[in-house]
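Presented below is the structure to which this report refers.
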């Protein structure tokens, strides 16, 4: 599945978080997590490192306004 198509599906998932606490879009979090885990991430620290090192790539598909 292409990442653009994946983002279409992810973007329709409702976000029930309290809006005033949200720093990152749910779709961005899910895209980052899926890509990182597919790439071998085994925990949140690995996911964070993946996001930092692949931010330019991720921005092609999501907003990632706050990094």
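Numbering (the UniProt record's numbering), first residue to last: 1 to 67. Just so you know, even glycine gets a beta-carbon here, dropped at the ideal spot from N, CA and C. Every value quoted in this text rests on a predicted model; they were computed, and no experiment measured them.
Query                                                                                                                                            : Result
When the Cα atoms are used, what is the spatial distance from residue 47 to residue 38?                                                          : 10 Å
Pick helix, strand or coil for residue 39, following the three-state DSSP scheme.                                                                : coil
Let me confirm a value: residue 50 is counted as buried when at least 16 other C-beta atoms fall within 10 Å, else exposed. Which label applies? : buried
Could you check the C-alpha separation between residue 22 and residue 41 for me, to the nearest Å?                                               : 24 Å
Our contact map puts residue 62 next to residue 27 with C-beta atoms below 8 Å; I'd like the distance itself, whole angstroms only.              : 6 Å
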